[in-house]
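Following: one structure in structure tokens, then a few remarks.
Numbering (the UniProt record's numbering), first residue to last: 1 to 356.
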């Protein structure tokens, strides 16, 4: 579909423009046409043609969600659809659509902020680890071979021998195995996070990095979109059906038991989440949802709670990022310490050998 040419960066620009214009009573087709003209003025011809096609589809009666096609992420699709379902009257549309768009932007900002925190917490340890590995490789490839004719290996004792072993590890089969294993786990994790639904996934979601972080972020994002649908007047079971239909395999596997517990088990939302045993969307959110069960303004109270919870999640994630960064620093710092001590040991061994 043509809409596949629209990157997130362009969609974000459209959302930012549409949020304020729709809130001020501008028709959606007018917003789209204005955005097309802006793209043309900036020389974005292909993107402008895409928006022109989207505008035509909207004029022909399609929803914006449908007109954009598969380019939308599941989160965008759910939130936009909730805004459009709750927008039969123009006054209601001018309220619901901007709210939905605002949620899309805020959730993407929150997720982006968490990803940046994680990246920044790991960047320094990774760089230090690579520098330490490079140092050990130099020791294993050049330093040790040049010293062995002067000081036989049998005379390498204590810290000097430890440095010799570390140098050999850096140039032996162990290093490719270690780096290969880390790379393989990283690639598998990227594939598995949205897709893996096996019986052991719950254990990984609770204990194995980066799965708990993924559950925390995407569980919170789903809760936001679910509440937006409730605010638009969509019943819980219908909202869950909508979410399951557009969800990733992992998210669908978490929502289906909740849906069945609500629709067929007669449980309220919080009890249905507890019954699954998956701790989705998160233990804290399940308890928060349970507090407001039975209130007539349930969705509104959840919305207020989620605004507050977003800040809590960000602080919690920041603490986790710091802890991860500290643990990631331990290995390269320890290796660097041994290199320093080992260098002194080698110097002492050489002095002793030359003295004899």
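A virtual CB, placed ideally from N, CA and C, is assigned to each residue, including glycine.
First and last residue of the alpha helix (DSSP H) that includes residue i?
i, result
"residue 158", "158-171"
"residue 359", "Summary: the structure shown does not reach residue 359, with the chain confined to residues 1 through 356, and so no result is reported for it."
"residue 155", "Run containing residue 155: none; DSSP gives neither H nor E here."
"residue 176", "174-195"
"residue 145", "144-147"
"residue 209", "Unbroken run through residue 209: none, as it is neither H nor E."
"residue 79", "74-85"
Count the other CB atoms within 10 Å of the CB of residue i; is the residue buried (16 or more) or exposed (fewer)?
i, result
"residue 187", "exposed"
"residue 19", "buried"
"residue 264", "exposed"
"residue 191", "exposed"
"residue 131", "exposed"
"residue 1", "Confidence at residue 1 is low in this model, with a pLDDT of 45, below 50, so the placement of that residue should be treated as unreliable; the coordinate-derived value is given next. Answer is exposed; the Cβ neighbour count stays below 16."
"residue 74", "buried"
"residue 176", "exposed"
"residue 16", "exposed"
"residue 142", "exposed"
"residue 358", "Only positions 1 to 356 of the chain appear in the structure, and residue 358 is not among them; the question remains open."
"residue 159", "buried"
"residue 347", "exposed"
Less than 8 Å between the beta carbons of residue i and residue j, yes or no?
i, j, result
"residue 80", "residue 100", "yes"
"residue 295", "residue 117", "no"
"residue 378", "residue 299", "The requested residue 378 is not part of the displayed model; the chain covers only 1 to 356."
"residue 6", "residue 47", "yes"
"residue 240", "residue 255", "yes"
"residue 237", "residue 257", "no"
"residue 245", "residue 85", "no"
"residue 106", "residue 215", "no"
"residue 206", "residue 309", "no"
Please give the ranges of any alpha helix (DSSP H) in the stretch 2-52, keeping only runs that are unbroken, at least 4 residues long and fully inside the region. Taking only runs of at least 4 residues, the alpha helix (DSSP H) segments lying wholly in the stretch 2-52 are 8-23, 28-41.
Beta strand (DSSP E) runs contained entirely in the stretch 225-300, provided each spans 3 or more residues: Segments of the beta strand (DSSP E) lying fully in the stretch 225-300: there are none.
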